[in-house]
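In the working numbering, the protein residues as written are 357 to 474.
1. DSSP on residue 357, reduced to helix/strand/coil?
2. Determine the extent of the beta strand (DSSP E) in which residue 462 is found, giving its start and end residues.
3. From what residue to what residue does the beta strand (DSSP E) around residue 405 run?
4. So the candidates are 430, 428 and 413; which of them puts its Cα closest to the Cα of residue 422?
5. Where do the N-terminal and C-terminal ends of the beta strand (DSSP E) with residue 451 fall, by residue?
6. Out of 456, 466 and 471, point me to the one whose CA is closest to residue 381's CA.
7. Here's the rule: buried if 16 or more other CB atoms are within 10 angstroms of the residue's CB, otherwise exposed. What is residue 366?
8. Return the first residue and the last residue of the beta strand (DSSP E) that residue 435 is part of.
9. In its own chain, which residues sit with a C-beta less than 6 Å from the C-beta of residue 433, not counting the 5 before and 5 after it?
10. How big is the Cα-Cα spacing for residue 430 and residue 424?
Pasting the structure below:
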């Protein structure tokens, strides 16, 4: 199983970015997909996650600004980020909790850099 993330980059404060993450390989069922982030010198933290049924939860810091969505047919999760702030700068990691035919397990993408700066 592989998770391929894309969409990071440099954006000015107040701007928007959309992250995508596609899961591929031996996937029988996806339970949850989500995004985490890690800023320099800080621990990795949950940004948002969504179940295959569409149930979502968000970190308080991003509520009202970020929207997570999932395309179950494509095994792809998206993170629409708006009103970006410098404190959103971090490496964003995609995560999936899925059944690969043997058991449910957590999988991680390679990370994509998001930099919010003027």
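Each residue gets a CB set at the ideal place from its N, CA and C atoms; glycine is no exception.
Let me spell this out:
1. coil
2. 460 to 464
3. 401 to 407
4. 413
5. 446 to 455
6. 456
7. exposed
8. 432 to 437
9. 377, 389 and 426
10. 15 Å
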